[in-house]
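K.L.:
In terms of the working numbering, the sequence shown is residues 2 to 417. Quick reminder that beta carbons are idealized off the backbone N, C-alpha and C, glycines included. Just so it is clear, the structure is predicted and the values come from calculations on it, not from any experiment.
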Amino acid sequence: MYKQHLDYLKKHDPELEGYLEDEKARQMEGIELIPSENLVSQGVLEALGSVATNKYSEGYPGKRYYGGNEVIDKIENLAINRAKKLFGAEHVNVQPNSGSPANMAVYWTFLEPGDKAMGLKLSEGGHLTHGHKVNFSGKLYNFLQYGVDKETETLDYAAILEQATKEKPKLLLSGFTAYPREIDFKKFREIADEIGAICMADISHISGLCAAGVHENPVPYFDVVTTTTHKSLRGPRSAMIMCKEEFGEKINKAVFPGLQGGPHEHVIAAKAVAFKEAMEPEFKNYAEQIVKNAKKLAQTLNENGLRLVSGGTDTHLMLVDVTPFGISGKEAETALEKAAIYCNKNTIPFDTRSPWDPSGIRIGTPVLTTRKMKEKDMESVGALITEALHNAKDDSKLREIKSKVLKFCEQFPFYE
Ligand SMILES: *Cc1c(COP(=O)(O)O)cnc(C)c1O
Numbered sequence: 002m003y004k005q006h007l008d009y010l011k012k013h014d015p016e017l018e019g020y021l022e023d024e025k026a027r028q029m030e031g032i033e034l035i036p037s038e039n040l041v042s043q044g045v046l047e048a049l050g051s052v053a054t055n056k057y058s059e060g061y062p063g064k065r066y067y068g069g070n071e072v073i074d075k076i077e078n079l080a081i082n083r084a085k086k087l088f089g090a091e092h093v094n095v096q097p098n099s100g101s102p103a104n105m106a107v108y109w110t111f112l113e114p115g116d117k118a119m120g121l122k123l124s125e126g127g128h129l130t131h132g133h134k135v136n137f138s139g140k141l142y143n144f145l146q147y148g149v150d151k152e153t154e155t156l157d158y159a160a161i162l163e164q165a166t167k168e169k170p171k172l173l174l175s176g177f178t179a180y181p182r183e184i185d186f187k188k189f190r191e192i193a194d195e196i197g198a199i200c201m202a203d204i205s206h207i208s209g210l211c212a213a214g215v216h217e218n219p220v221p222y223f224d225v226v227t228t229t230t231h232k233s234l235r236g237p238r239s240a241m242i243m244c245k246e247e248f249g250e251k252i253n254k255a256v257f258p259g260l261q262g263g264p265h266e267h268v269i270a271a272k273a274v275a276f277k278e279a280m281e282p283e284f285k286n287y288a289e290q291i292v293k294n295a296k297k298l299a300q301t302l303n304e305n306g307l308r309l310v311s312g313g314t315d316t317h318l319m320l321v322d323v324t325p326f327g328i329s330g331k332e333a334e335t336a337l338e339k340a341a342i343y344c345n346k347n348t349i350p351f352d353t354r355s356p357w358d359p360s361g362i363r364i365g366t367p368v369l370t371t372r373k374m375k376e377k378d379m380e381s382v383g384a385l386i387t388e389a390l391h392n393a394k395d396d397s398k399l400r401e402i403k404s405k406v407l408k409f410c411e412q413f414p415f416y417e
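#1: For LEU210, which residues from the same chain have a beta carbon less than 8 Å from its beta carbon, with the 5 sequence-adjacent residues on both sides left out?
#2: Need the endpoints of the alpha helix (DSSP H) that THR335 sits in, please.
#3: In chain order, which beta strand (DSSP E) runs of at least 3 residues are fully inside the stretch 173 to 225?
#4: Measuring from the CB of GLY126, is there a heavy atom of ligand 1 at a distance below 7 Å?
#5: DSSP three-state call for VAL149: helix, strand or coil?
#6: What residue from GLY60, ILE196 and SER124 has the CA that sits closest to PHE257's CA?
#7: Looking at the structure shown, is LYS296 part of a helix, part of a strand, or coil, going by DSSP?
#8: I'd like to confirm the pairing. Which residues does DSSP put opposite ASN345 in its beta bridges?
#9: Considering ASP322, what are the terminal residues of the alpha helix (DSSP H) in which it resides?
#10: Three-state secondary structure (DSSP) at VAL41?
#11: HIS13 lies in the alpha helix (DSSP H); which residues open and close that run?
#12: Could you tell me whether the Cβ atoms of THR110 and ALA295 are closer together than 8 Å?
#13: With DSSP as the reference, identify every bridge partner of GLU33, one or two as the case may be.
#14: Would you check if the distance between the CB atom of PRO356 and the CB atom of SER37 is smaller than 8 Å?
#15: Taking GLU113 as the reference, give the member of LEU172, GLN412, GLU417 and ALA279 with the closest Cα.
#16: Are MET201 and VAL220 close, meaning C-beta to C-beta below 8 Å?
#17: State the Cα-Cα distance for the pair LEU40 and ARG235, rounded to the nearest angstrom.
#18: Take GLU91 and list the residues in its own chain whose beta-carbon comes closer than 6 Å to its own, dropping the five residues that flank it on each side.
#19: My understanding is that ARG363 touches LEU320, with C-beta atoms under 8 Å, so please give their C-beta distance in whole angstroms.
#20: Ligand 1 and ALA118: does any heavy atom of the ligand fall closer than 7 Å to the residue's C-beta?
#21: So, with DSSP's three-state summary, where would you put LEU156?
#22: From the DSSP output, in three-state form, read off HIS265 for me.
#23: Tell me whether HIS206 counts as near ligand 1, meaning its Cβ is closer than 7 Å to at least one heavy atom of that ligand.
#24: Buried or exposed, going by whether 16 or more other CB atoms sit within 10 Å of the CB of ASN347?
#25: Quick one: does the C-beta of ASN303 sit closer than 7 Å to a heavy atom of ligand 1?
#26: Under the DSSP definition of a beta bridge, which residues are partnered with GLY60?
#27: Taking 7 Å as the cut-off, is the CB of ASP203 close to at least one heavy atom of ligand 1?
#28: Quick one: what does DSSP say PHE144 is sitting in, helix, strand or coil?
#29: Please indicate yes or no: does the CB of ASN104 lie closer than 7 Å to some heavy atom of ligand 1?
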C-alpha cells in the first residue's frame, strides 16, 4: 500500500495537512469514475516531492541557460529515452506543463494564426483545445470542426475525408476527450496524406491503452502526437509531445522559448518513473483490465435501463444518456456526488439540452482498475450508480447509498 507522507506538515502546517488528509480520504472512500483521473504510485509521488523542484533548467539537456544542470540533464534524458522506447517515438519533448500547452506548442509549430485546422467538436467528444471558440485554439486559428454520425454516434471517416478534401486544413487532428470507441488512426493518416496535411493525434485519454498495445499506437506513423501523462498513463499531472525527428527542433523551440520558461524537472522525474512502470508487464494487464471493466460496466448500466452513446465502449470510458431516468446530466452528477460517486456531466452527440445541463454523464474505469477492481466489482458499481440515479432527489436515500459505497471501497485500499 502506498502512503502520502505528511509528517513534517502535520507538525508545522496542520491546517494544510488536514486538507490533504481529507482529500486522500475522499479519494479512498468514494467511487471515482472521472475517466481523465487516476491514482499514482509511491514512486511518482516521491519524485513529485523531490528536490528536483528547486532547479532552474531553461533549455534542453546539454544546452541550458543556467549552470548546475549536470544531474537534471540525466533526469530529463532518462524521461525522454523511456518515452521513446515506450511509444516507439523518434523525438520526444517532456517539458510541456500540461495537455493544453502541449497542443498549443504543436499549433505554434505548424500553423500561422488564421490557418485552417480540423478537429472533433467539443459537444461530440473533442477537447476545448481542438478548436472551440472560447479557447485560444478557436480564436487564433481557423479550426473547422467535424462531428460524429447521427445514427451510429461514431466517426464517419468518409464524411471526414469529404470535409477535409473540401476545406484542405493544414493540420488534421484526431484523438478525443469523450469518445467511447476505438479510433482508426490509419484512416486519419490516409486522409491527411490525401490532402497533404500534418497528421496529429492527441491521445491524452488513451495513451495508457496505446502504450500497452491494447489500442493502436499512432506514434510510429503520425507526424506529431501529444498526450497528457496523468490519465490512463497513470503518471504525474503533465504532458509530452512525440514527433518525427524532422520536426523535433521546431517543436522544442515552440515549447521553449516559444511558450514556457523553466521546465518542471520534478514532474519530469515523475514522468520518468511512470514510463518505467508502463513498460512493466503488469501495466499491460492493467490496460486490458481497464477495457474489460469498462465493457462490463457499460453492459450493467445498459441492462439497468440507461442508454449508452454508440451502444457501448471499446475504451476506458463511456457516455451515459441519463434522460431515460427522467433526470438531466447535471442532476445525475449532483446525485451521484451525494453518494460519493464521482463523474462529470457531459453532452451527448446532438444533445438537445444545454452544455450546462446536458443529457449525459461521462464515466470511466482507470481509477477503479488501479484499485484492482475486476468485472464482478463493476456489477456492484453499476448497481450503486443505478440506485443513486433512481433516487436522485431523495437525499436520505443517497446518504444510505453513500455508506454502502464507503463499505464497498474499503475492499480496495490504495493509499494507507
Ligand atoms: C485532458 C485533455 C487535454 C488537456 O489536458 P490538461 O492537462 O487538462 O491541460 C487535452 N486534450 C485531450 C484530448 C484531453 O483529454
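P.N.:
Based on what the coordinates show:
#1: HIS216, SER233, ALA288, ILE291, VAL292, THR316 and HIS317
#2: 330 to 339
#3: 199 to 203
#4: no
#5: strand
#6: GLY60
#7: helix
#8: ARG363
#9: Looking at the DSSP string, ASP322 is not in any alpha helix (DSSP H); the run it does join, the beta strand (DSSP E), is 318 to 322.
#10: coil
#11: 8 to 13
#12: no
#13: TYR343
#14: no
#15: LEU172
#16: no
#17: 7 Å
#18: LYS245 and GLU246
#19: 6 Å
#20: no
#21: strand
#22: coil
#23: yes
#24: buried
#25: no
#26: ARG65
#27: yes
#28: strand
#29: yes
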